[in-house]
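Trainee: For the sequence shown, numbering that gives the first Met the number 0 gives the first residue as 0, with consecutive numbering after it. For each residue, glycine too, the CB sits at the ideal point set by N, CA and C.
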Amino acid sequence: MNALSTHYYTVHNAIFGRLKYLDGLAPLALRLYLAPIFWMAGITKVKGIENTIEWFGNPDWGLGLPFPTVLAYLAAYTEVIGAMLLVLGLATRWIAIPLIVTMLVAMITVHWEHGWAAIASSNMEGVAMRLSAAKEILREYGNYKWLTEKGSLVILNNGIEFSVTYLVMLFSLLFTGGGRYFSADYWLRHFTGGSARS
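1. Is ASP22 near LEU89, with beta carbons less than 8 Å apart?
2. Have a look at MET39 and SER162 and give me their C-alpha separation to the nearest angstrom.
3. What are the start and end residues of each continuous alpha helix (DSSP H) run of 4 or more residues lying completely inside the stretch 58 to 116, in chain order?
4. To which residues of the same chain is PRO67 closer than 6 Å at the C-beta, ignoring the five residues directly before and after it?
5. So the alpha helix (DSSP H) MET168 belongs to, where does it begin and stop?
6. State the beta-bridge partners of ILE118 as determined by DSSP.
7. What runs of the alpha helix (DSSP H), each 4 residues or longer, lie entirely inside the stretch 10 to 57?
8. Could you give the first and the last residue of the continuous alpha helix (DSSP H) run that contains PHE190?
9. The alpha helix (DSSP H) spanning ARG138 covers which residue range?
10. My output table needs one value for TYR180: the three-state DSSP class, helix, strand or coil.
11. In angstroms, rounded to a whole number, what distance separates the CA positions of ALA74 and VAL100?
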């Protein structure tokens, strides 16, 4: 067993030991994936800030949050500024914290009641029947071929799936930082002699 484990780690280290020089690619991929998501969400909120405030505060058809004006501006600008910082890899760990908070709030206030799935699957109760009815109506009264040429019709379930995915990615960035070579954090630390990890 000892010789086998020695052989395993020799091969393992020979292959994966070299990957440490490219370990900044994973945080870069996470940052570049998340940045447009937060940019679009934030810009939408900023452009329609009055609607965002109303949605945040209205208990009947909105979220019913306290201090809706403050929270709407905080959420909108956290997402916009967060997206820009993620692209640059600047203050990555710091911006991950408020972005994690926005994801937690979104999960609890918007998506939690809908369960896990973001897109309803045909085996969920009543989904197949509704999807079939929608397709029939569109075939009869609409241009079904044109409507579906970019993809099939789906029913949005609006569950926590996407929020959790983004939360896990942000959680990873909180621990890894912006990453080696491909982030402003790395180069600032490199040139200023800082001892903090990227």
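Mentor: For this structure:
1. Counting from 1 along the sequence shown, the entry for residue 22 is found at position 23. Counting from 1 along the sequence shown, the entry for residue 89 is found at position 90. Here ASP22 is not near LEU89, since their CB atoms are 8 Å or more apart.
2. On the sequence shown, position 40 is the one that residue 39 refers to. On the sequence shown, position 163 is the one that residue 162 refers to. Distance from the CA atom of MET39 to the CA atom of SER162, rounded to whole angstroms, is 15 Å.
3. Within the stretch 58 to 116, the complete alpha helix (DSSP H) runs of at least 4 residues are 67 to 87, 91 to 105.
4. Taking the first residue of the sequence shown as 1, we reach residue 67 at position 68. Exclusion of the five residues before and after PRO67 leaves ILE52, PHE55, GLY56 as the residues of its chain whose Cβ lies within less than 6 Å of its Cβ.
5. Position 169 of the sequence shown holds residue 168. Where MET168 is concerned, the enclosing alpha helix (DSSP H) stretches over 160 to 175.
6. Here residue 118 refers to the residue found at position 119 of the sequence shown. Beta-bridge pairing links ILE118 to LEU155.
7. Correct list: 24 to 46, 48 to 56.
8. In the sequence shown, counting from the first residue as 1, residue 190 sits at position 191. Residues 183 to 191.
9. Numbered from 1 along the sequence shown, position 139 holds the residue referred to as residue 138. Run containing ARG138: 126 to 140, per the alpha helix (DSSP H) assignment.
10. What you label residue 180 is simply residue 181 of the sequence shown in a count that begins at 1. In the three-state DSSP reduction, TYR180 falls in the coil class, being neither helix nor strand.
11. Position 75 of the sequence shown holds residue 74. Position 101 of the sequence shown holds residue 100. Taking the straight line from one Cα to the other gives about 9 Å.
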